[in-house]
Every structure is written in C-alpha cells, then in structure tokens.
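S.K.: Okay, here's the structure, questions in a sec.
Numbering (this note's numbering), first residue to last: 34 to 206.
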C-alpha cells in the first residue's frame, strides 16, 4: 500500500513487511519501521490480516467512480486550458499575464491528474485483489515456484495489468 485515507494513522498503516524465519520487519507509511522476533507460527498470517483490513478500510473511504470523474475533469481542463493558451499566444505573438496564469493552471491540473491516476490505479488493483483473495492459493499454485507469490504483502510488486489478468482469469471460476 502506498497511500491511505485522510483519517488513517500512517504510523500504524503497514506499507509492507518481510520476515526471515522468526525475525519480522514491518514498514509503515510514515516511513517508520519496527523489527521484532516472534515465535508464533501464525505471526505472518496475523500481519497479513491486518494489512487486508487496512486495505478494506481504504477501499471504503474512496469512491472510485467519483475519483475517476474528478480525474476526467482534470484532464479535460488541461486540454482546454492548453488549447486556449496556444490559440491566444499565436494570435498575440507574445505571452501576457492571462496566458501565464493559464500555464500555471495547466501545470496544477496536470499534477492533480497524475496523482489521481496513480491512486485510482492502485485502488482498482486492490479492489480486484480483494475480490479474488479467496483464490490466492490456486493462483500461486498455478504460477509455481518461478513466480513471486501474490499476497497482500507483495501486491505492490505486481502491475495493474497483471492483477487485472489474474482477476479476469480467476474471478470467472
């Protein structure tokens, strides 16, 4: 997970973890890290369940359709403002204050679009993952040992298109 919702505590939201035997390293979204030893056989499963619940909480906090609409609006504004800026500059053969302001707005809307697009892809990826979570054993066994296992802890290593491919293949079953 690379981001979370507004009210979430970043110091408790797990970005990822790794374990080597009984040693666990948990990395949080506030860039902190905790390291500890656990002899509990189900410690990895406990951490994964926490991460799954955090992902579900984040999914509830965002309206993907609303975010998608906002992103489309940002893209439309970028195109419109860019078009008008180019037309006005060609007609006047120089940049004046309104065109400079339009260029600044284009930059702002472009930045907003890129951030929203990245978040939107991650939200969609996690949504698909959560819908096929009960098929992970089958997915990982079909892939074999040559692949990175698909788990809540490794989902960020997979692209949106890879998760979409698994989703299409295993959601049907």
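In this text, a Cβ means the ideal position worked out from N, Cα and C, and glycines have one as well.
1. Between 62, 200, 137 and 79, which has its C-alpha nearest residue 163's C-alpha?
2. Taking the beta carbon of residue 34 as the centre, do at least 16 other beta carbons fall within 10 Å, making it buried, or is it exposed?
3. Kindly give me the distance between the Cβ atoms of residue 139 and residue 122, rounded to whole angstroms, as I take these residues to be in contact under 8 Å.
4. Check the DSSP bridge columns for residue 68 and list the partner residues they point to.
5. My parser needs the alpha helix (DSSP H) runs of 4 or more residues fully inside the stretch 96-166; what are they?
6. Grouping DSSP H, G and I as helix and E and B as strand, with all else coil, what is residue 176?
7. As a quick exercise: from 95, 151 and 186, pick the residue whose alpha carbon is nearest that of residue 169.
8. With a CB to CB cut of under 7 Å and the five nearest residues on each side skipped, what residues in its chain are close to residue 184?
9. Would you kindly report the start and end of the unbroken alpha helix (DSSP H) that includes residue 90?
M.R.: On the basis of the supplied data:
1. The shortest Cα separation from residue 163 among 62, 200, 137 and 79 belongs to 200.
2. It counts as buried.
3. Contact between residue 139 and residue 122 fails: their C-beta atoms lie close to 12 Å from each other, not under 8 Å.
4. DSSP, once it has assigned bridges, lists 58 as partnering residue 68.
5. Listed in chain order, they are 97-125 and 130-164.
6. The answer is helix: DSSP assigns residue 176 an H, G or I state.
7. Comparing Cα-Cα distances from residue 169 to each of 95, 151 and 186, the minimum goes to 186.
8. Once the five neighbours on either side are set aside, the close Cβ partners of residue 184 are 81 and 169.
9. Membership of residue 90 in the alpha helix (DSSP H) is indicated by the continuous run 76-94.
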